[in-house]
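Chemist: By numbering that gives the first Met the number 0, the letter at position 98 of the sequence shown is numbered 97, and the numbering carries on one by one without gaps. Before we start, here is the structure in question, set down as structure tokens.
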Amino acid sequence: MALKVQKFGGTSVADIERIKKVADRVTKSYDQGDKVVVVLSAMAGVTDRLIALAESASKVPDSRELDVLLATGEQTTAALLAMILRDRGYLATSLLGFQAGIITDQSSGKARILDIEADRILNLLDQGQIVVVAGFQGRDANGDITTLGRGGSDTSAVAIASAIKADVCEIFTDVDGVYTTDPRICDKARKINKISYEEMLEMAILGAKVLQIRSVEFAKKYNVPVHVRSSFNEEEGTMVVNESADMESVVVSGVTCDKNESRITLKKVPDQPGISAKIFGALADANIMVDMIIQNTRSGGETDVTFTVTKTDFRKAREISEHVAKEIGATEVLTAEGIAKVSVIGLGMKSNAGVAATMFKALASENINIRLISTSEIRISCVIEEKYAELAVRVLHKAFGLDVEER
Ligand code: ADP
Ligand code: ASP
Ligand code: MG
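Written out as structure tokens, the structure is:
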């Protein structure tokens, strides 16, 4: 008998047939004696359609109202599953984010969970109910509906698991677990049985969308064991847990690719103290996250400053850069949107030289030009042209011995 949170993503609740399969899965656990909280996403494609609908209604949809709209996707699936469970004779209750006590900050569209008042969930569980929670949403201090950013149901699930001290948070999705790289890009990707929070976090940050970044941060902070597995079969998936001695000691454990990047260069910036602070201060004031930064040294007291931001923030970042460029006397602002960031990740990198060289050599072997490079203790990232992204992933996967046939 265990206390479980089971989260099902968009493809796992794509239609009524699929939701009935979810009901099979949930009741199987319940019948074994488990207490189950189910967290659901919207049906596949629904959140995108709601966004498109909002954009056809308003040029810049009001962010509060957009949250109200987007939250309906998860409201629908939660109610449908609860109905199906009740028809089968189970006690089940659906709860929207606010009813489940999910309290967030006020940043519409990317709210952070601050607290979970879990009494209602716990009471329902005590009554022997299956609790079905709408993922991706909460309420702020004003009582308004907020949403947690794309992929946010993962975070709802992990946060609830931590609040009710669940034994495990199961993330049911459309792949068998976390792979060494996106199995849809590389057919030689290999399923990882156990991965550390740290590596999983890097993979999520660097583009593996199988888990939302914040869900991994949450799991790591509160030590929530996460089991990523398929909703289409019964196979064991991937356990995301603390680093342990029995983890595979490989130098590189994963390769990721992120196409949500764009590049901005300010040309001939005066090489003086305070200039970088001005550029990046202005971007920070606009709540824009800057990823990579490179400053070239040039002669004559001038330098070029290049950085990357997400595609979503690109237009705003370009406007701000043009404004700052005028102010500080930079000659020009250059931009590039068709770029991608490929990264290799591994705890083993901490104690291994030569990873960067292997990476650069592999990319060079396919004539892929590297535009920007950044590194941390456990990863190396290169910005390349977007059209080479998939090729680069496959080449790197092979170069680091991750291809399935080689192990
Ligand atoms: P859900 O709708 O269940 O939340 P997502 O589409 O958000 O599912 O995430 C699952 C997808 O993540 C997979 O279909 C896969 O293409 C992608 N993905 C990217 N990188 C990886 C990886 N390293 N391992 C597994 N899946 C990955
Ligand atoms: N429905 C939301 C999205 O598509 C949240 C989620 O599925 O996790 O991003
Ligand atoms: Mg997802």
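Virtual Cβ for every residue (Gly too), placed ideally from N, Cα, C. On a predicted model such as this, the values are computed, not experimentally measured, just so you know.
#1: Taking C-alpha atoms, which residue in 385, 350, 283 lies nearest to residue 256?
#2: Taking only the alpha-carbon atoms, compute the straight-line gap between residue 185 and residue 156 and give it to the nearest angstrom.
#3: Can you tell me where the alpha helix (DSSP H) with residue 274 in it begins and where it stops?
#4: Can you find a heavy atom of the ligand ADP that lies under 7 Å from the Cβ of residue 160?
#5: Residue range of the alpha helix (DSSP H) that residue 199 falls in?
#6: When you compare only the Cα positions, how much space is there between residue 314 and residue 333?
#7: Would residue 207 be called buried (16 or more neighbouring beta carbons within 10 Å of its own) or exposed?
#8: Look up residue 169 in the DSSP assignment and say whether it is helix, strand or coil.
#9: Does the distance from the CB of residue 152 to the CB of residue 44 come in under 8 Å?
#10: The ligand ASP heavy atoms versus the CB of residue 151: any closer than 7 Å?
#11: Between residue 351 and residue 165, what straight-line distance do the alpha-carbon atoms span, to the nearest angstrom?
#12: When DSSP builds the beta bridges, which residues end up paired with residue 178?
#13: With a threshold of 16 other CB atoms inside 10 Å of the CB of residue 221, please say whether the residue is buried or exposed.
#14: Who are the near neighbours of residue 359 in its chain, counting only those whose CB is closer than 7 Å to its CB and skipping five residues on each side?
#15: Return the bridge partner residues of residue 256 from the DSSP annotation.
#16: According to DSSP, residue 102 sits in a beta bridge with which residue or residues?
#17: Going by DSSP in three states, residue 128 sits in which element: helix, strand or coil?
#18: Between the stretch 117-134 and the stretch 90-103, do three or more beta carbon pairs fall short of 8 Å?
#19: Apart from the five residues on each side of it in sequence, which residues of its chain come closer than 6 Å, Cβ to Cβ, to residue 342?
#20: Here's the rule I'm using: 16 or more other beta-carbon atoms within 10 Å means buried, otherwise exposed. How should residue 230 be labelled?
#21: State the Cα-Cα distance for the pair residue 295 and residue 177, rounded to the nearest angstrom.
#22: Would you say residue 223 and residue 200 are within 8 Å of each other, going by their C-beta atoms?
#23: Rounded to whole angstroms, what is the Cα-Cα separation between residue 406 and residue 265?
#24: How is residue 52 classed by DSSP in three states: helix, strand or coil?
#25: How would you label residue 393, buried or exposed, when you count the other beta carbons within 10 angstroms and need 16 or more for buried?
#26: To test your reading of the DSSP string, which unbroken alpha helix (DSSP H) runs of 4 or more residues are found completely within the stretch 283-349?
#27: How big is the Cα-Cα spacing for residue 335 and residue 53?
#28: Mind checking who residue 156 pairs with in its DSSP beta bridge?
#29: I'd like the span of the beta strand (DSSP E) that includes residue 90, first residue to last.
#30: Rounded to a whole number of angstroms, what is the C-alpha to C-alpha distance between residue 322 and residue 281?
#31: If you compare alpha carbons, which of 131, 387, 110 is closest to residue 121?
#32: Quick check on DSSP: helix, strand or coil for residue 399?
#33: The ligand ADP heavy atoms versus the CB of residue 244: any closer than 7 Å?
Modeler: Well, looking at it:
#1: When C-alpha distances from residue 256 are compared across 385, 350, 283, the shortest belongs to 385.
#2: Roughly 28 Å separates the two Cα atoms.
#3: Where residue 274 is concerned, the enclosing alpha helix (DSSP H) starts and stops at 274-284.
#4: Incorrect: residue 160 has no Cβ contact closer than 7 Å to the ligand ADP.
#5: Judged by DSSP secondary structure, residue 199 falls within the alpha helix (DSSP H) whose first and last residues are 196-204.
#6: In a straight line, the C-alpha of residue 314 is about 13 Å away from that of residue 333.
#7: Buried, since its Cβ has 16 or more Cβ neighbours within 10 Å.
#8: Looking at residue 169 - three-state DSSP - the assignment turns out to be strand.
#9: 8 Å or more divides the Cβ of residue 152 from the Cβ of residue 44.
#10: True, at least one ligand heavy atom lies under 7 Å from that Cβ.
#11: Inter-residue distance for residue 351 and residue 165 is about 37 Å (C-alpha atoms, whole angstroms).
#12: Its beta-bridge partners are 190.
#13: Taking a 10 Å sphere around the C-beta of residue 221, we find fewer than 16 other C-beta atoms and assign the residue as exposed.
#14: If the five residues before and after residue 359 are omitted, its C-beta is found closer than 7 Å to the C-beta atoms of 369, all from its own chain and listed in chain order.
#15: In DSSP, residue 256 forms a bridge with 341.
#16: Per DSSP, the beta bridge partners of residue 102 are 114, 138.
#17: Three-state result, residue 128: coil.
#18: Between the stretch 117-134 and the stretch 90-103 there are three or more C-beta pairs closer than 8 Å, enough to call the two in contact.
#19: If we look at residue 342 and ignore the five residues flanking it on each side, its Cβ neighbours are 205, 255, 378, 380.
#20: Buried, by the Cβ-count rule.
#21: If you draw a straight line from the Cα of residue 295 to the Cα of residue 177, it comes to about 38 Å.
#22: No, these two residues do not count as a Cβ contact at 8 Å.
#23: Bear in mind that the predicted position of residue 406 carries a pLDDT of just 45, short of 50, making it unreliable; the figure below should be weighed with that in mind. Going by the C-alpha atoms only, they are around 45 Å apart.
#24: The answer is helix: DSSP assigns residue 52 an H, G or I state.
#25: Looking at its Cβ environment, which holds 16 or more other Cβ atoms inside 10 Å, residue 393 is buried.
#26: Those alpha helix (DSSP H) runs which fall completely within the stretch 283-349 and span 4+ residues are 310-327.
#27: Across the structure, residue 335 and residue 53 are spaced so that their CA atoms are roughly 28 Å apart.
#28: Per DSSP, none; premise fails for residue 156.
#29: For residue 90, there is no enclosing beta strand (DSSP E), as DSSP marks it with neither H nor E.
#30: Each residue's alpha carbon lies about 10 Å from the other.
#31: Minimum Cα distance to residue 121 is reached at 131.
#32: DSSP places residue 399 in coil when its eight states are reduced to three.
#33: No, since every heavy atom of the ligand ADP falls outside the 7 Å radius drawn around the Cβ of residue 244.
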